[in-house]
Structures are given as C-alpha cells and as structure tokens.
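Participant: Counting in our numbering, the sequence shown runs from 93 upward without gaps.
Pasting a structure here, questions to come.
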Amino acid sequence: MAPSAISPPYTPLPPNGKSLDTISDSIDALNLLKLQISRNAFHNEPTPSSTPQELSRKTSFSVGSEFTTVSSFDAEKDKSQFRQYDTPETPQSVIDEYTTQHKSQTVAYNLLQRNKFHFNKSARPVMTVWEAMEKLDKLIDPSDPDTNEGQIIHLLQTAEAMRRDGKPQWMQLVGLIHDLGKLLFFYGSAGTWDVVGDTFPVGCAFSDANILPHTFTANPDFNDPIYSTENGIYEPGCGIENIIMSWGHDEYLYLVMKDQSCIPREGLAMIRYHSFYPWHSKGAYRQFMKKGDEVLLEAVQAFNPYDLYSKSDEAPPSADELKPYYMTLINKFCPGPIQW
Ligand SMILES: O[C@H]1[C@H](O)[C@@H](O)[C@H](O)[C@@H](O)[C@H]1O
Ligand SMILES: [Fe+2]
C-alpha cells in the first residue's frame with residue numbers, strides 16, 4: 093500500500109490545546125493508522141523488529157475503568173429464569189449438544205484445531221464484519237436454552253443494552269461481534285459441539301462447576317493419569333491466558349481479532365472468555381490465574397450481563413435501522429475485510 097493511502101486526515105490542535113474531543117479524535121486517528129500499518133505487516137512480510145503481534149499490541153489503547161460499572165438495563169429482570177440446564181424444562185437438544193461436546197473436547201482435538209487455524213490461513217474466508225454478521229444470522233445456537241433468535245438479533249441486543257447503559261464504544265463493538273466466531277460452523281467445524289456452548293480448560297480435571305459435569309466421564313481424557321489431576325499439564329499461577337481452552341467460537345474469534353483489530357486487551361478477554369462460565373461466574377479454575385489476571389476477570393464479568401440478560405429484551409432491534417451507527421464502530425475498531 094502506498095504511504096499516502098494510509099495517512100489519516102491531519103487535524104491540528106486548537107492553539108490552547110484544551111479540546112479533549114480534538115485530542116480524542118487525534119488518538120483515534122493515530123490508533124487507526126497503527127492498525128493499518130499492522131494490517132499491512134500482517135498481509136505482507138513482517139520485519140523482524142515488528143511482528144504483527146507486536147504491532148497489534150502497540151495499537152491497544154488505555155481503557156480507564158468506567159466500563160466496569162454495574163449494569164442497570166437488567167435491574168428488573170428475574171435472573172433465575174436463565175441458564176437452566178438440568179431441569180425438566182431444559183430442551184433435550186441442549187442436553188445432547190453438551191453431552192457430545194463434553195465427550196469430544198480432548199487435548200488432542202484441541203491441538204489439532206489450533207494447528208489447522210495457524211497453518212491453513214489461506215483457506216480462511218475474507219469478508220467484512222457486517223458481512224460476517226449477515227452470514228451468521230442463518231445459525232440458531234443449539235446449545236442455548238435462552239434464545240431462539242438468529243445471531244444478528246442477539247448481537248444487536250447485547251450491543252444495544254451496553255449502549256443504553258452508556259458503556260464505551262469499544263465495548264459496544266465487542267458486544268456487537270462477540271459471537272461472530274460461530275462462523276466456524278460454516279468453515280470446517282466437526283459439528284456444532286466444537287463451535288458453541290460454554291467453554292472449559294482441557295489438559296486438567298473437568299470441574300463440577302461446568303454444565304452437566306457427569307457427561308465428562310465419556311471423554312477419553314477423563315481417565316488420563318495427568319489430564320485427570322486437578323492442575324493437569326499446568327502449574328498453579330501459570331496465567332489464565334496460558335491454559336488451553338476448549339476449541340470453539342470464543343478462542344477462534346480471539347485469534348482472528350487479536351491481529352486484525354485495535355480492540356483493547358480487556359475487550360479481547362471479553363471475546364475469549366465470555367463462555368467460560370465456570371471461571372467467570374462460578375469461581376472454578378481460579379488457581380491458574382496469575383497476578384494481573386484480575387483485570388481480565390473483571391472485564392469478562394462486566395461484559396456478561398449484557399450477553400446473557402439482553403436475550404429476554406422486548407422488541408428485537410432492527411438491523412437495517414441500526415446498521416449506520418454500528419458501521420461507525422466497525423470502521424473505527426475493525427475496518428475493512430477481515431481474514432476469518
Ligand atoms: O457465550 C454463550 C454461552 O456460553 C451460552 O451458554 C452458549 O449457549 C452460547 O453458545 C455462547 O455463545
Ligand atoms: Fe458466545
């Protein structure tokens with residue numbers, strides 16, 4: 093790409109330099125410029141001193157802490173009605189989905205999927221975020237007892253609830269895209285069991301805090317002499333980002349976005365761990381956290397109510413009406429074609 097094609101418009105600061113809006117716009121333009129340089133490096137030869145990963149890390153911006161304030165859009169909701177997995181009302185299809193998932197997510201399967209992702213890049217489709225949303229709308233999540241809506245509605249409900257609560261733009265964008273990893277279903281998954289549903293670490297004992305924990309007994313790793321121990325292949329305190337999470341839409345979208353967006357680290361954690369309910373909502377697997385991981389946990393916990401409780405919001409949002417607003421966020425944080 094010619095250097096002129098990546099130059100952002102130059103906005104001079106006012107003489108007194110006091111306009112926060114102007115400064116914030118300049119920072120946004122700078123972030124975008126860094127992202128475009130990073131994209132360039134991603135698609136061409138990276139130089140040894142700046143790998144795509146390093147460049148992507150440099151595009152991250154500081155997020156402040158206001159985004160963690162408690163959600164209020166859900167104040168009137170009866171929360172006991174959500175996530176019922178072991179009751180007479182739980183659809184059999186949901187139970188079947190988890191039964192298959194829990195017997196099939198092994199360490200070996202997980203290593204294979206990561207290998208495929210990293211070494212089969214050219215086989216992955218290229219499209220914009222909005223195109224991905226439209227494609228994904230054809231999928232109804234079979235693991236979810238709380239919604240039968242297409243995915244566009246769920247994504248817009250999540251983002252709109254955040255917007256109503258005054259959450260920052262980067263978080264609204266994360267709400268909008270957080271489930272786009274379910275595109276995996278159309279591109280080489282083994283079924284839906286390796287795409288949707290709650291996630292958990294592999295390579296260590298399966299916690300009873302998981303959904304339908306008895307179904308793990310059919311997993312070949314369940315009786316493995318190492319994988320069946322409490323810490324398995326990990327050291328306590330090794331860091332939550334260093335454990336292998338069951339393969340699915342969370343990990344996949346995280347891998348896609350970490351090098352192709354300027355979503356901050358907290359937002360990437362929301363994407364990567366939003367289905368890790370045993371950790372973020374039940375307190376399991378916390379022995380693997382290292383100093384500093386509390387920030388990630390706090391981010392995922394701030395995200396969770398919007399994902400879960402917006403599913404019962406009245407009046408499904410209109411994608412056509414909301415598209416112009418959300419395109420401004422897409423253009424700011426993950427513009428242009430993405431390699432999925
Ligand atoms: O994050 C959610 C959550 O884990 C749900 O329980 C699951 O059904 C969905 O597939 C997933 O997107
Ligand atoms: Fe999800």
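Ideal Cβ placement from N, Cα and C applies to all residues, glycine included.
My output table needs one value for Q193: the three-state DSSP class, helix, strand or coil.
Facilitator: Helix at Q193.
Participant: To the nearest angstrom, how far is it from the Cα of W222 to the Cα of I318?
Facilitator: So the two alpha carbons sit approximately 43 Å from each other.
Participant: Quick one: Cα of R256 to Cα of D238, how far?
Facilitator: Rounded to whole angstroms, R256 to D238 spans 21 Å at the Cα level.
Participant: Going by Cα to Cα distance, which pick from T309, G375, T220 is closest to I332?
Facilitator: Out of T309, G375, T220, G375 has the C-alpha closest to the C-alpha of I332.
Participant: Classify N315 as buried or exposed, calling it buried when 16 or more other Cβ atoms lie within 10 Å of its own Cβ.
Facilitator: With fewer than 16 other Cβ atoms within 10 Å, it is exposed.
Participant: Measure the Cβ-Cβ separation of L345 and L272 and say whether it is below 8 Å.
Facilitator: The answer is yes: Cβ separation under 8 Å.
Participant: My parser needs the alpha helix (DSSP H) runs of 4 or more residues fully inside the segment 337 to 380; what are they?
Facilitator: 341 to 350, 357 to 365, 369 to 372, all fully within the segment 337 to 380.
Participant: Could you give the distance in angstroms between the alpha-carbon of L414 and the alpha-carbon of Q264?
Facilitator: Going from the Cα of L414 to the Cα of Q264 covers about 13 Å.
Participant: Look at H341 and V288 and say whether their C-beta atoms are less than 8 Å apart.
Facilitator: Yes, these two residues count as a Cβ contact at 8 Å.
Participant: Got a sec: does ligand 1 put a non-hydrogen atom nearer than 7 Å to the Cβ of S235?
Facilitator: Yes.
Participant: At which residues does the alpha helix (DSSP H) containing R255 begin and terminate?
Facilitator: Its alpha helix (DSSP H) spans residues 243 to 256.
Participant: So what's P293 in DSSP terms, helix, strand or just coil?
Facilitator: P293 falls in the strand class under three-state DSSP.
Participant: With a threshold of 7 Å, establish whether the CB of V288 neighbours any heavy atom of ligand 1.
Facilitator: The answer is yes for V288.
Participant: Report the rounded CA-to-CA distance for Q173 versus F308, giving the unit in angstroms.
Facilitator: Rounded to the nearest angstrom, the two C-alpha atoms are 25 Å apart.
Participant: By the DSSP assignment, the alpha helix (DSSP H) with A394 in it spans what residues?
Facilitator: Element bounds for A394: 386 to 401.
Participant: Using the DSSP secondary-structure output, state which residues sit across from M219 in a beta bridge.
Facilitator: Paired residue(s): I430.
Participant: Please determine, among N334, Y418, L400, Q431, the residue with the shortest C-alpha to C-alpha distance to D170.
Facilitator: Of the candidates N334, Y418, L400, Q431, the one whose C-alpha sits nearest the C-alpha of D170 is L400.
Participant: Mind checking K403: buried by the 16 CB within 10 Å criterion, or exposed?
Facilitator: It is buried - the Cβ of K403 has at least 16 other Cβ atoms within 10 Å.
Participant: Closest to A253 by CA distance: which of E343, Q431, E406 is it?
Facilitator: For the residues E343, Q431, E406, the minimum Cα distance to A253 belongs to E406.
Participant: From R364 to F380, what does the alpha carbon distance come to, in whole angstroms?
Facilitator: Whole-angstrom Cα-Cα distance: 16 Å.
Participant: May I ask which residues mark the beginning and end of the alpha helix (DSSP H) holding V266?
Facilitator: Here the alpha helix (DSSP H) through V266 covers 261 to 269.
Participant: If we count the other Cβ atoms within 10 Å of its Cβ and call it buried at 16 or more, is P293 buried or exposed?
Facilitator: So P293 counts as buried.
Participant: Thinking C-beta only, is P409 closer than 8 Å to L231?
Facilitator: In this structure, P409 does not lie closer than 8 Å to L231 by Cβ.
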